[in-house]
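**Q** Provided herewith is a single structure, encoded as structure tokens, for subsequent inquiry.
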Ligand code: FES
Ligand SMILES: [Fe+2]
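Printed below as a string of structure tokens:
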């Protein structure tokens, strides 16, 4: 169903942002309507900090990797000056992409007609253009985006006036401090998959502890029962991200057949840390699933109203990779996580079918879904701002 964007529609979202014991789900069309995704591009994706990867992926000058958010091709590169930059990879000639995948380069050479760009995006070569009237390559540059690094994660922002991210993530940064993620071991080996569902369906699943001992009931996941979820009450009003805990039935619990950490435990963890899982989310693109020995990160890239590309990777304690049998132990963890993820994928695949149904309801939340209410509040705040902007010309006339 195509949703008309009007005042009653946005007013109806108020019932999704009250206290969790009163709140209900957002209207289903927020998940299914292509026009609403176009609205979200302006309300969210063109303004928010979007995770693209890890700083370790661009260790040396000339290292680059590509990404895409809201269908915009992005390249991230470390310059000769050591600065990490991000820019559009759309050639300013006839729109071929100047970078694919990842690698190391001295410049970006568009394969189509060989226009060449320096690592800061400046056009430095354009063959056989001397007869083009008024053509001045010094005036042509790949559009640059803002870049910020938070705990080793690289974020970009299409909005050059965007306020910095870290000052609005102070609480989340504080609870992650003992994991020292900026110095964690990681790799560029990622699982990258594209799925046929709206980005919020997957974000909400990552954000949802209510299903933990229901959908995932069984020995692998029973270490973290849903009733042990804990939601913070101390998040600042303007927080750009949030977190929740889930207590575990024993210390150093981990999702693998031994149910215990197989990799070195992050060395600065307290006993309290070691007896719970931590879930941190920076919408709209980063989810962290944190246990005592391993952090799974999922970077979500919304492509359209009904497709999303998810990159999944891991972070381990500094020095963990050098430990004997690290690869083997990691594999045991990743195989077990894949079993759990397959259950999520099954659900995420059928929810859009339900959301498109004329019988889809705006269901109420359990107290164990507090994090969904936080996400709704984050979303609706931004929807309201954009809706006010869109209405402004009409009311001013
Ligand atoms: S499209 Fe890039 S050089 Fe022509
Ligand atoms: Fe799950």
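In my numbering, the protein residues as written are 1 to 397. Ideal Cβ placement from N, Cα and C applies to all residues, glycine included.
1. Out of 24, 342, 216, 352, state which residue places its alpha-carbon closest to the alpha-carbon of residue 364.
2. For residue 383, which residues from the same chain have a beta carbon less than 7 angstroms from its beta carbon, with the 5 sequence-adjacent residues on both sides left out?
3. Would you mind working out which of 219, 241, 254, 276 sits nearest residue 284, comparing C-alpha positions?
4. Under the three-state reduction of DSSP, which class applies to residue 349: helix, strand or coil?
5. Do the region 342-356 and the region 273-283 meet, that is, are 3 or more Cβ pairs less than 8 angstroms apart?
6. Is it the case that the Cβ atoms of residue 69 and residue 301 are separated by a distance below 7 angstroms?
7. Please check the pair residue 66 and residue 86, which I expect to be a contact at CB under 8 angstroms, by giving their CB distance rounded to whole angstroms.
8. Using DSSP with H/G/I as helix, E/B as strand and the rest coil, what is residue 262?
9. So, at 6 angstroms on beta carbons, what are the nonlocal neighbours of residue 380 in its own chain, with the 5 sequence-adjacent residues on each side left out?
10. Keeping to the same chain, check which residues put their C-beta closer than 7 angstroms to that of residue 201; ignore five residues upstream and five downstream.
11. Between which residues of its own chain and residue 397 is the CB-CB distance below 7 angstroms, once the five residues before and five after are set aside?
12. By Cβ distance below 7 angstroms, which residues in the same chain neighbour residue 160 in space, the five residues on each side in sequence not counted?
13. From the DSSP output, read off the bridge partner residues of residue 282.
14. Determine the contact status of residue 280 and residue 243, defining contact as a CB-CB distance below 7 angstroms.
15. Look at the alpha carbon of residue 152 and the alpha carbon of residue 185, and state the distance between them as a whole number of angstroms.
16. Straight-line CA distance for residue 220 to residue 277?
17. For residue 397, which of helix, strand or coil comes out of DSSP?
18. So, residue 336 versus residue 206, is the Cβ gap smaller than 7 angstroms?
19. Please confirm whether residue 73 and residue 50 have their CB atoms less than 7 angstroms apart.
20. Could you have a look at residue 185 and say whether DSSP puts it in helix, strand or coil?
21. Report the rounded CA-to-CA distance for residue 183 versus residue 259, giving the unit in angstroms.
22. Is the beta carbon of residue 115 within less than 6 angstroms of some heavy atom of ligand 1?
23. By DSSP, does residue 230 sit in helix, in strand, or in coil?
24. To test your reading of the DSSP string, which unbroken beta strand (DSSP E) runs of 3 or more residues are found completely within the region 299-330?
25. What residues match up with residue 150 in a beta bridge as DSSP calls it?
26. Residue 249 by DSSP, collapsed to three states: which one?
27. What residue range does the alpha helix (DSSP H) around residue 137 cover?
28. Under a three-way DSSP split, which group does residue 235 fall into?
29. Mind checking whether residue 121 and residue 141 have CB atoms under 7 angstroms apart?
30. If we ignore side chains and look at the alpha-carbon of each, how far apart do residue 372 and residue 8 end up?
**A** This is what the structure holds:
1. Locating residue 364 in the chain shown gives position 364, where the first residue counts as 1. Closest option to residue 364, Cα to Cα, is 24.
2. To locate residue 383, count along the chain shown from 1; it is residue 383. If we look at residue 383 and ignore the five residues flanking it on each side, its Cβ neighbours are 10, 13, 43.
3. The residue you call residue 284 lines up with position 284 of the chain shown. Answer by Cα proximity: 241.
4. For the purposes of this step, residue 349 is taken as residue 349 along the chain shown, with counting starting at 1. Residue state, collapsed to three classes: helix.
5. no
6. Looking up residue 69 in the chain shown gives position 69. Looking up residue 301 in the chain shown gives position 301. Contact flag set, yes.
7. Here the question's residue 66 lines up with position 66 in the chain shown. Here the question's residue 86 lines up with position 86 in the chain shown. Not really, about 10 angstroms apart at Cβ, beyond 8 angstroms.
8. Position 262 of the chain shown, counted from the start, is the residue given in the question as residue 262. Reduced to three states, the DSSP call for residue 262 is coil.
9. By one-based count along the chain shown, residue 380 stands at place 380. Result list for residue 380: 13, 17, in chain order.
10. Counting from 1 along the chain shown, the entry for residue 201 is found at position 201. Excluding sequence neighbours, residue 201 sits near 31, 348, 351, 352.
11. Here residue 397 is taken as the residue at index 397 of the chain shown, counted from 1. Residue placement at residue 397 is flagged as unreliable, the pLDDT there being 47, under the threshold of 50; a coordinate-derived value is accordingly withheld.
12. Here residue 160 corresponds to residue number 160 of the chain shown, with the count starting at 1. Here the set comprises 146.
13. Position 282 of the chain shown, counted from the first residue, corresponds to residue 282. Paired residue(s): 286.
14. Numbered from 1 along the chain shown, position 280 holds the residue referred to as residue 280. Numbered from 1 along the chain shown, position 243 holds the residue referred to as residue 243. Yes.
15. The sequence position of residue 152 within the chain shown is 152, counting from 1. The sequence position of residue 185 within the chain shown is 185, counting from 1. So the alpha carbons of these two residues sit roughly 11 angstroms apart.
16. The sequence position of residue 220 within the chain shown is 220, counting from 1. The sequence position of residue 277 within the chain shown is 277, counting from 1. Looking at the two C-alpha atoms, the distance is approximately 14 angstroms.
17. What you label residue 397 is simply residue 397 of the chain shown in a count that begins at 1. In this predicted model, residue 397 has a pLDDT of only 47, less than 50, meaning its place in the structure is not dependable; the value taken from the coordinates is given anyway. Coil.
18. Locating residue 336 in the chain shown gives position 336, counting from the first residue. Locating residue 206 in the chain shown gives position 206, counting from the first residue. The answer is no: Cβ separation not under 7 angstroms.
19. The count along the chain shown starts at 1 and reaches residue 73 at position 73. The count along the chain shown starts at 1 and reaches residue 50 at position 50. Contact: no.
20. As a first step, residue 185 must be located in the chain shown, where it is residue number 185. Three-state result, residue 185: strand.
21. Residue numbering aside, residue 183 sits at position 183 when the chain shown is read from its first letter. Residue numbering aside, residue 259 sits at position 259 when the chain shown is read from its first letter. Taking the straight line from one Cα to the other gives about 26 angstroms.
22. In the chain shown, residue 115 corresponds to position 115, counting from 1. Flag set: Cβ of residue 115 near ligand 1.
23. Walking along the chain shown from the start, residue 230 turns up at place 230. Note: residue 230 maps to strand in three-state DSSP.
24. 307-316
25. To locate residue 150, count along the chain shown from 1; it is residue 150. BP columns for residue 150 point to 153.
26. Working through the chain shown from its first residue, we reach residue 249 at position 249. If DSSP states are grouped into helix, strand and coil, residue 249 belongs with coil.
27. Taking the first residue of the chain shown as position 1, residue 137 is located at position 137. Element bounds for residue 137: n/a, residue is neither H nor E.
28. Counted from its first residue, the chain shown places residue 235 at position 235. In this structure, residue 235 counts as coil in the three-state DSSP scheme.
29. Along the chain shown, read from residue 1 onward, the residue named residue 121 stands at position 121. Along the chain shown, read from residue 1 onward, the residue named residue 141 stands at position 141. Contact: yes.
30. Indexing the chain shown from 1 puts residue 372 at position 372. Indexing the chain shown from 1 puts residue 8 at position 8. Distance between the alpha carbons of residue 372 and residue 8: 22 angstroms.
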